[in-house]
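A.B. asks: Here it is, the structure in full.
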Amino acid sequence: MDRAEVNEKIRSLIEPFNKKGVAIADGTTFAGDLEFDSLTVMDFVAAIEDEFDIIISMNQQAEIETFGQLVDAVTKMVS
Amino acid sequence: MTEGVNQPDQPETVSGHTPDLFAKFDPLIAMREGLLASGVEDPFDLVMEKVLSPTRAVCNGRETILLGTYNYMGMTFDPEVIEAGKQALADFGAGTTGSRVLNGTYQGHKEVEKALCEFYAMDHAMVFSTGYQANLGIISTIAGKGDYIVLDIDSHASIWDGCKLGDAEIVPFKHNDIEAMEKRLRRIPDGAGKLVILEGVYSMLGDIAPLKEMVAVAKKHGAMVLVDEAHSMGFIGHHGRGVAEDQDCLADVDFVIGTFSKSVGTVGGFCVSNHPKFEILRLVCRPYVFTASLPPSVVATAATSIRKLMHGSNKRAHLWENSKTLHAGLKALGFQLGTEEPQSAIVAVIMPDLERGAAMWEALIEGGLYVNLARPPATPANMTLLRCSLCAEHTGEEVQTILGIFEAAGKAVGII
Chain G
1 MDRAEVNEKI
11 RSLIEPFNKK
21 GVAIADGTTF
31 AGDLEFDSLT
41 VMDFVAAIED
51 EFDIIISMNQ
61 QAEIETFGQL
71 VDAVTKMVS
Chain A
1 MTEGVNQPDQ
11 PETVSGHTPD
21 LFAKFDPLIA
31 MREGLLASGV
41 EDPFDLVMEK
51 VLSPTRAVCN
61 GRETILLGTY
71 NYMGMTFDPE
81 VIEAGKQALA
91 DFGAGTTGSR
101 VLNGTYQGHK
111 EVEKALCEFY
121 AMDHAMVFST
131 GYQANLGIIS
141 TIAGKGDYIV
151 LDIDSHASIW
161 DGCKLGDAEI
171 VPFKHNDIEA
181 MEKRLRRIPD
191 GAGKLVILEG
201 VYSMLGDIAP
211 LKEMVAVAKK
221 HGAMVLVDEA
231 HSMGFIGHHG
241 RGVAEDQDCL
251 ADVDFVIGTF
261 SKSVGTVGGF
271 CVSNHPKFEI
281 LRLVCRPYVF
291 TASLPPSVVA
301 TAATSIRKLM
311 HGSNKRAHLW
321 ENSKTLHAGL
331 KALGFQLGTE
341 EPQSAIVAVI
351 MPDLERGAAM
361 WEALIEGGLY
371 VNLARPPATP
381 ANMTLLRCSL
391 CAEHTGEEVQ
401 TILGIFEAAG
411 KAVGII
């Protein structure tokens, strides 16, 4: 799966969590722009893990601050 | 020659913008000030001036019924327990001043570990200075780099801190969700070590885990299993060994973590296990090695209490009665509770928000009842809770008094 496909899938997965309808770009941050709390992060990560059948450990999550970094990390895991 | 050399003792003035390291606490400071400005008594600054019994104390000048102490079996004032402590204090002194692996292992430490082995019918027991350190030490030591820890998202702070101290990959799953746990176990790469961490009773809402199913799933995927039974020891299970015993899966649990600061009635933590190499942990577990051991009086009281808990079935039955009566009574009054049915000796009353939770806490304390006020971030889903923990020494009459205080406070604050 290439980056564009991963990007598109994650964009659709993020929708139910994007309560304020923030415009998503590579630089959008989860904690700052999207205001995700720890429970939202858990549910959102679980949705991505189930979609791609991968594990994103909390250690890996700590390195991911923006939407673009997430797409990069998932692309790397599924290719 | 520079000016600096001419004036060597002049303090350096900080230039530029250097943030105060305490700035990160500003939101909490503001929240606390806001709460106290509304006139409520500080729920986190309660002083017990006198402790009259396991269920009564004088708090902030008032005689108070204690309903938030985790002193489930009321062992703190047991005459034999106190006597054992006094004797050890006289015979062995006030403290050990040393690590368990140097000068800090006395006869009493060996005896309390033996009592634990007998209580759980397991081969090995290792005693730590607190329950927090038991989780911190065992988890960070047994799961290392390249290993995976799969744990419930509602795990206690000591479990999370154990994860943080170690080098394993940390993978949480939704609370008590067997399917979510299995999915994560299935995705762990081949060859990696796996540790599943569960709790018997989750202390915030007082709910129990479906351990039988979860432990079976963990074993199917080749994981070792650690269960924290802090809130069930002495009370749940035929021998008081906890939820795993009650659900008949204790034999498949590799490590049980527990504490002396609840049913046992003193302070300290432990891990019991049948793992054949368990004893090596005494040399490699840093929170065990690099701290002073428990005082002789503490291990003596703990050993005496643990042995008495082996025969505590009557007290257990009365504690269940108390828990059922309080749960049913609060439900009938219209309070929202953490569990539909009573599952442990903890009954959590869910508050609509922190302000009304604090007001309710104050109304209760003024009415002569102490409960725990639990607030985010310690609570699941950012709830504010009034957490009640019952004691086997609460009389049936006392439970009715407690319900009366709850009713008056709930009406005064407008929650029911």
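Sequence order for the protein chains is G and A. Mapped onto this note's numbering, the consecutive letters of the first sequence carry residue numbers 1 to 79. Mapped onto this note's numbering, the consecutive letters of the second sequence carry residue numbers 1 to 416. Just so it is clear, CB atoms sit at the ideal spot from N, CA and C, and this is done for glycine as well. Model, not experiment: these values are computed from the prediction.
(1) Less than 8 Å separating the beta-carbons of residue 229 of chain A and residue 244 of chain A?
(2) What separation, rounded to the nearest whole angstrom, lies between the Cα atoms of residue 107 of chain A and residue 411 of chain A?
(3) Secondary structure at residue 183 of chain A, three-state DSSP: helix, strand or coil?
(4) Show which residues of chain G have a CB atom less than 9 Å away from the CB atom of residue 378 of chain A.
(5) In terms of residue numbering, what span does the alpha helix (DSSP H) encompassing residue 71 of chain G cover?
(6) Exposed or buried, which one is residue 113 of chain A when buried takes at least 16 other CB atoms within 10 Å?
(7) Quick check on the DSSP output: the alpha helix (DSSP H) that includes residue 296 of chain A runs from which residue to which?
(8) Please report how far the alpha carbon of residue 387 of chain A lies from the alpha carbon of residue 348 of chain A, in whole angstroms.
(9) Could you say which of A/148, A/328, A/103, A/89 lies nearest to residue 343 of chain A if we only look at CA atoms?
(10) So, for residue 1 of chain A: in the same chain, excluding its five sequence neighbours on each side, which residues have a beta-carbon less than 6 Å away from its beta-carbon?
(11) Is there a C-beta anywhere in chain A that falls below 8 Å from the one on residue 46 of chain G?
(12) Do we get a CB-CB distance below 8 Å when we pair residue 24 of chain A with the residues of chain G?
(13) Quick one: is residue 322 of chain A buried, meaning 16 or more other Cβ sit within 10 Å of its Cβ, or exposed?
(14) What residues match up with residue 62 of chain A in a beta bridge as DSSP calls it?
(15) Residue range of the beta strand (DSSP E) that residue 47 of chain G falls in?
(16) Look up residue 388 of chain A in the DSSP assignment and give the residues it is bridged to.
(17) Check whether the segment 270-286 of chain A and the segment 128-145 of chain A are in contact - that is, three or more C-beta pairs closer than 8 Å.
(18) By DSSP's criteria, residue 271 of chain A is part of a beta bridge. Which residues make up the other side?
(19) Mind pulling the alpha helix (DSSP H) runs of 4 or more residues that sit fully within the segment 160-224 of chain A?
(20) Could you give the C-beta distance for residue 265 of chain A and residue 71 of chain A, rounded to a whole number, given that I count them as a contact under 8 Å?
(21) From residue 66 of chain G to residue 354 of chain A, what distance separates their C-alpha atoms?
(22) Taking any Cβ of chain A, which residues in the segment 51-64 of chain G have a Cβ under 7 Å from it, in chain order?
(23) Indicate the three-state DSSP secondary structure (helix, strand or coil) for residue 1 of chain A in the structure shown.
(24) Would you verify that the beta carbon of residue 77 of chain G is, or is not, closer than 8 Å to some beta carbon of chain A?
(25) State the Cα-Cα distance for the pair residue 85 of chain A and residue 333 of chain A, rounded to the nearest angstrom.
(26) Quick one: using the 10 Å Cβ neighbour count with 16 as the cut-off for buried, is residue 176 of chain A buried or exposed?
(27) Could you tell me whether the Cβ atoms of residue 256 of chain A and residue 148 of chain A are closer together than 8 Å?
(28) Looking at the secondary structure, which residues open and close the beta strand (DSSP E) in which residue 50 of chain A lies?
(29) Measure how close the beta-carbons of residue 227 of chain A and residue 205 of chain A come, nearest whole angstrom, since I'm counting them as under 8 Å.
(30) Give the straight-line distance between the Cα atoms of residue 308 of chain A and residue 198 of chain A, rounded to the nearest whole angstrom.
(31) Quick check on residue 420 of chain A: does DSSP put it in helix, strand or coil?
(32) Go ahead and pull the three-state DSSP assignment for residue 369 of chain A.
(33) Are the segment 183-196 of chain A and the segment 47-58 of chain G touching, with three or more C-beta to C-beta distances below 8 Å?
(34) Among residues of its own chain, excluding the 5 on either side of residue 224 of chain A, which ones have a beta-carbon nearer than 6 Å to its beta-carbon?
(35) So what does DSSP say about residue 120 of chain A, is it helix, strand or coil?
(36) Which residues of chain A have a Cβ atom closer than 7 Å to the Cβ of residue 1 of chain G, listed in chain order?
C.D. replies: By the coordinates alone:
(1) Result yes, Cβ atoms of residue 229 of chain A and residue 244 of chain A sit closer than 8 Å.
(2) 55 Å
(3) helix
(4) Near residue 378 of chain A there are no residues of chain G at all, since even the closest Cβ is about 12 Å away, more than 9 Å.
(5) For residue 71 of chain G, the uninterrupted alpha helix (DSSP H) run begins and ends at 67-78, by DSSP.
(6) buried
(7) 296-309
(8) Put simply, the backbone Cα of residue 387 of chain A is about 4 Å away from that of residue 348 of chain A.
(9) A/328
(10) Confidence is the limiting factor: at residue 1 of chain A the pLDDT is only 43, short of 50, which leaves the residue's position unreliable, though a coordinate-based value still follows. Closer than 6 Å at the Cβ level, and outside the excluded window around residue 1 of chain A, lies no residue.
(11) yes
(12) no
(13) buried
(14) A/59
(15) No beta strand (DSSP E) contains residue 47 of chain G, which is instead part of the alpha helix (DSSP H) from 38-52.
(16) A/347
(17) yes
(18) A/126, A/257
(19) 178-187, 211-220
(20) Yes, residue 265 of chain A and residue 71 of chain A are in contact; Cβ-Cβ is about 6 Å, under 8 Å.
(21) 32 Å
(22) Flagged, chain order: 53, 54, 55, 57, 58, 59.
(23) For residue 1 of chain A, the predicted structure reports a pLDDT of 43, less than 50, and the residue's modelled location is therefore unreliable. The matter cannot be settled from this model.
(24) no
(25) 43 Å
(26) The residue is buried, with at least 16 neighbouring Cβ atoms inside 10 Å.
(27) no
(28) 48-53
(29) Contact doesn't hold; Cβ gap of about 18 Å is too wide.
(30) 27 Å
(31) Any answer about residue 420 of chain A is impossible in this case: the structure gives chain A only from 1 up to 416.
(32) strand
(33) yes
(34) 195, 254
(35) helix
(36) Correct list: empty, because the minimum Cβ distance to chain A is about 17 Å.
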